[in-house]
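Here's the structure we're looking at; comments come further down.
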Amino acid sequence: MHLREELDREREERNYFQLERDKVQAFWDVTQRQLQGAKAELQTLDKEREETDIKLQIEIKVVSTYLYILFEDIYVNEWVPLDAEAKNESMYSALQQDLENLGKTEVSRVRDYWSSVIKAQMETDKAVYEDAKALIHTTEKKIEDLNELKQFNADQTSNLKILKKDLTQVLQENQQVTEHLTRVQEEIAVLQNKTKYRPKKFDNKLETELNNLAFEHENLQKRYKELQLEVAQLHKTSAETIEKMNSKADAKHSQMEKKIEQLTEKMQKDLLLC
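By the working numbering, the letter at position 79 of the sequence shown is numbered 1271, and the numbering carries on one by one without gaps.
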């Protein structure tokens, strides 16, 4: 009856550890998917930044071309008639200088504008990149913690199996000794009934064997109790450690979800500004 209770308890513990392993595996899968999502978002940001740079370069070229055409048109429509009609070299030089200054000013203005836009975008991308990098580092640290928890569960399960095996062996030995002791006691009782008028001639060999078996039985009982205490302590330690690791993992998971939410909001705002 006692052995059956131990087997039932072992089955419950095995189911408990299996459930904990399933939880850890599920949490591991979710974390892996989140990590892949963060990496994909980071790659998307890099690609968008490259596309933005290309777009800005194209727009600068378009503006430069437009200014060139504008200056050429001004030259054809204003400089040539003036040169032909007025023949005033000083006016021509002044107008030319004004046009050059105007062109330089416009080009400088456009260059400064797009430089500030690119600089702001690069700073924003850098901040997003650093946040994503920190998120990936946190996720990798969390994966390490999960690996430690899985290894701890595996070690605890292995230790528990060893203790169960020792306990089963002690139970079997205890049962064998008990059966042997019972048979010897029955034999002694029979001999005592036969020799109750001759107690001095009692078989000393059987008495010695009985004492030895009783001593061995007592040692096995002590060992059995020690193993029970070890199993109970192991269960307590496993439960406390698993609960502590789960609490730690849940806390880190919440922090990571909050970080992802903040990063997503920031990315959406940056995209709207662009």
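Cβ atoms here follow ideal geometry from the backbone N, Cα and C, with glycine treated the same way. Owing to the predicted nature of the structure, the values given are computational and were not obtained by experimental measurement.
Give me the residue from the options with the minimum Cα distance to residue i.
{"i": "A1346", "options": "Q1217, V1255, A1232 and T1236", "result": "Q1217"}
{"i": "R1241", "options": "A1312, V1254, I1335 and Q1425", "result": "A1312"}
{"i": "E1336", "options": "F1219, K1325, N1293 and I1310", "result": "F1219"}
{"i": "T1330", "options": "R1203, K1318, K1215 and Q1224", "result": "Q1224"}
{"i": "V1255", "options": "Q1235, S1300 and T1244", "result": "S1300"}
Could you tell me if residue i is buried or exposed, where buried requires 16 or more neighbouring beta carbons within 10 angstroms of its beta carbon?
{"i": "T1257", "result": "exposed"}
{"i": "E1212", "result": "buried"}
{"i": "K1334", "result": "buried"}
{"i": "T1297", "result": "exposed"}
{"i": "A1319", "result": "exposed"}
{"i": "N1207", "result": "exposed"}
{"i": "L1421", "result": "exposed"}
{"i": "A1232", "result": "exposed"}
Could you tell me the distance, in whole angstroms, from the CA atom of residue i to the CA atom of residue j?
{"i": "I1239", "j": "Q1425", "result": "Reading off the sequence shown, one finds Lys at residue 1239, where the question assumed Ile. Approximately 56 Å, taken between the alpha carbons."}
{"i": "V1351", "j": "F1407", "result": "It should be noted that the sequence gives Asn, not Val, for residue 1351. Taking the straight line joining both Cα atoms gives about 29 Å."}
{"i": "N1411", "j": "R1375", "result": "19 Å"}
{"i": "E1315", "j": "E1205", "result": "54 Å"}
{"i": "V1302", "j": "Y1260", "result": "14 Å"}
{"i": "D1304", "j": "L1327", "result": "34 Å"}
{"i": "F1394", "j": "E1378", "result": "Per-residue confidence for F1394 stands at a pLDDT of 46, beneath the threshold of 50, marking its modelled position as unreliable; no derived number is given."}
{"i": "E1197", "j": "R1203", "result": "10 Å"}
{"i": "I1246", "j": "D1214", "result": "48 Å"}
{"i": "L1341", "j": "I1354", "result": "20 Å"}
{"i": "K1414", "j": "Q1367", "result": "14 Å"}
{"i": "T1244", "j": "Q1235", "result": "14 Å"}
{"i": "K1417", "j": "Q1343", "result": "29 Å"}
{"i": "K1357", "j": "D1200", "result": "15 Å"}
For the ligand ATP, I want to know if residue i counts as a neighbour, meaning its beta carbon is within less than 8 Å of at least one of the ligand's heavy atoms.
{"i": "K1325", "result": "Judged by which ligands are present, the structure shown has none, so any question about the ligand ATP falls away."}
Can you give me the Cβ contacts of residue i inside the same chain, cut-off strictly under 7 Å, excluding the 5 residues immediately before and after it?
{"i": "F1209", "result": "N1345 and T1349"}
{"i": "Q1361", "result": "none"}
{"i": "G1229", "result": "none"}
Which residues in the same chain as residue i place their Cβ atom closer than 6 Å to its Cβ, once the five residues preceding and following it in sequence are excluded?
{"i": "C1466", "result": "Note that C1466 scores 48 on pLDDT, short of 50, meaning its location in the model is unreliable; the coordinates nonetheless yield the value given after this. Closer than 6 Å at the Cβ level, and outside the excluded window around C1466, lies no residue."}
{"i": "E1332", "result": "none"}
{"i": "N1486", "result": "Residue 1486 lies beyond the stretch modelled for the chain, which goes from 1193 to 1466, so this question has no answer here."}
Go through its chain and collect everything with a Cβ distance to residue i's Cβ below 8 Å, but skip five positions before and after it.
{"i": "I1252", "result": "V1302, R1303 and W1306"}
{"i": "T1248", "result": "Checking the displayed sequence, the identity of residue 1248 turns out to be Leu instead of Thr. So the list reads W1306, V1309 and I1310, once near-sequence residues are dropped."}
{"i": "L1338", "result": "V1216, F1219, W1220, T1223 and A1441"}
{"i": "L1227", "result": "I1328, T1331, E1332 and I1335"}
{"i": "E1371", "result": "none"}
With DSSP as the reference, label residue i as helix, strand or coil.
{"i": "F1394", "result": "Low local confidence applies: a pLDDT of 46 at F1394 is under 50, so the model's placement there is unreliable, with the coordinate-based value given in what follows. Three-state DSSP puts F1394 in coil, outside helix and strand."}
{"i": "L1274", "result": "For L1274, the pLDDT reaches just 47, beneath the cut-off of 50, and the residue's location in the model is therefore unreliable, although a value from the coordinates is still provided. Three-state result, L1274: helix."}
{"i": "R1303", "result": "helix"}
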